[in-house]
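J.: Residue numbers (the numbering used here): 28 to 271. Cβ atoms here follow ideal geometry from the backbone N, Cα and C, with glycine treated the same way.
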């Protein structure tokens, strides 16, 4: 019995040491990050893109590290009021806190990642329906003082279809910036201070399917760049490809 207990203790110690680089140690970790993933669950995207976004988000969840937090929102007709699909936070535990605390933090971290992945699978297993309300999610985002870096990732065609604007049918070509400013003002997002880096992983329009919008991808990029700027965020990626 004593031998089994000793073996278990050794396994625990090896596990803690193996993950020390992520949960604490002599080397300082980068600043903790608040990850916010926004999944397009409306009736707009095709199944091909939904599956691709699920894989992309799965990969992004693999980038979580100790101290990070993750929130997953759905984008649909109830974006403004629906509860987050998932919300979790982890802690960074330095080596001097001891093996027991590091192991506890590791288990909490793994539970957070597993919970986020399960929520992702549930989200994309539901039959999509309704319009795409994207702007409303910006009101729901709160900066986290303990996590100075915020990464806001959208998995969507970014074709807003709400009372504020319908980017599917309303042509903004040549007036993208002024339209974005007008909509941001009316939607109440102008003046927000999100301080986020924004990445939009778009639908794949190279498969021969007709786009769901009268606007070019370039116009949509200009529109959203200004929209996020109005909310105090920076658009860093607007591609179908997954950012590296």
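For residue 241 and residue 213, I'd like the C-alpha separation in whole angstroms.
T.: 22 Å
J.: Tell me the DSSP bridge mates of residue 225?
T.: 179, 262
J.: For a minimum of 3 consecutive residues, which ranges assigned as the beta strand (DSSP E) are wholly contained in the stretch 89 to 118?
T.: For the beta strand (DSSP E) assignment, the uninterrupted runs of no fewer than 3 residues enclosed by the stretch 89 to 118 are, from N- to C-terminal side, 96 to 102, 113 to 116.
J.: Assuming the contact rule is C-beta atoms closer than 8 Å, residue 165 and residue 258 should be a hit. Round their C-beta distance to whole Å, please.
T.: Between residue 258 and residue 165 the Cβ distance is about 5 Å, and since that is below 8 Å, they are a contact.
J.: How big is the Cα-Cα spacing for residue 77 and residue 125?
T.: Straight-line Cα distance between these residues: approximately 43 Å.
J.: For residue 227, which of 270, 207, 134 has the nearest alpha-carbon?
T.: Taking only the C-alpha atoms, the option nearest residue 227 is 270.
J.: Does the beta-carbon distance from residue 267 to residue 231 come in below 8 Å?
T.: yes
J.: Go ahead and label residue 86 buried or exposed: buried means 16 or more other beta carbons lie within 10 angstroms of its beta carbon, across all protein chains shown.
T.: exposed
J.: For the candidate residues 120, 192, 261, whose alpha-carbon lies nearest to that of residue 209?
T.: 192
J.: Could you give the distance in angstroms between the alpha-carbon of residue 48 and the alpha-carbon of residue 143?
T.: Caution is warranted here: a pLDDT of 42 is assigned to residue 48, below 50, making its placement in the model unreliable, and the coordinate value is therefore given only provisionally. Each residue's Cα considered, the two are about 22 Å apart.
J.: If you compare alpha carbons, which of 151, 176, 98 is closest to residue 261?
T.: 176
J.: Return helix, strand or coil for residue 268, following the three-state DSSP convention.
T.: Coil at residue 268, not helix or strand.
J.: Please classify residue 75 as buried or exposed, where buried requires at least 16 neighbouring CB atoms within 10 angstroms.
T.: exposed
J.: Applying the criterion that 16 or more other CB atoms from any shown protein chain within 10 Å of the CB defines a buried residue, is residue 246 buried or exposed?
T.: buried
J.: If we ignore side chains and look at the alpha-carbon of each, how far apart do residue 251 and residue 64 end up?
T.: 17 Å
J.: For residue 6, list the residues DSSP reports as bridge partners.
T.: The chain is shown from 28 up to 271; residue 6 falls before or after that span and cannot be answered.
J.: Can you tell me the Cα-Cα spacing of residue 118 and residue 99, whole angstroms?
T.: The alpha-carbon separation between residue 118 and residue 99 amounts to approximately 19 Å.
J.: Are the CB atoms of residue 207 and residue 254 nearer to each other than 8 Å?
T.: yes
J.: Checking the sheet assignment: what are the DSSP bridge partners for residue 76?
T.: DSSP lists no partner for residue 76.
J.: Leaving out five residues on either side along the sequence, give the residues of the same chain with a beta carbon under 7 Å from the beta carbon of residue 198.
T.: 241, 242
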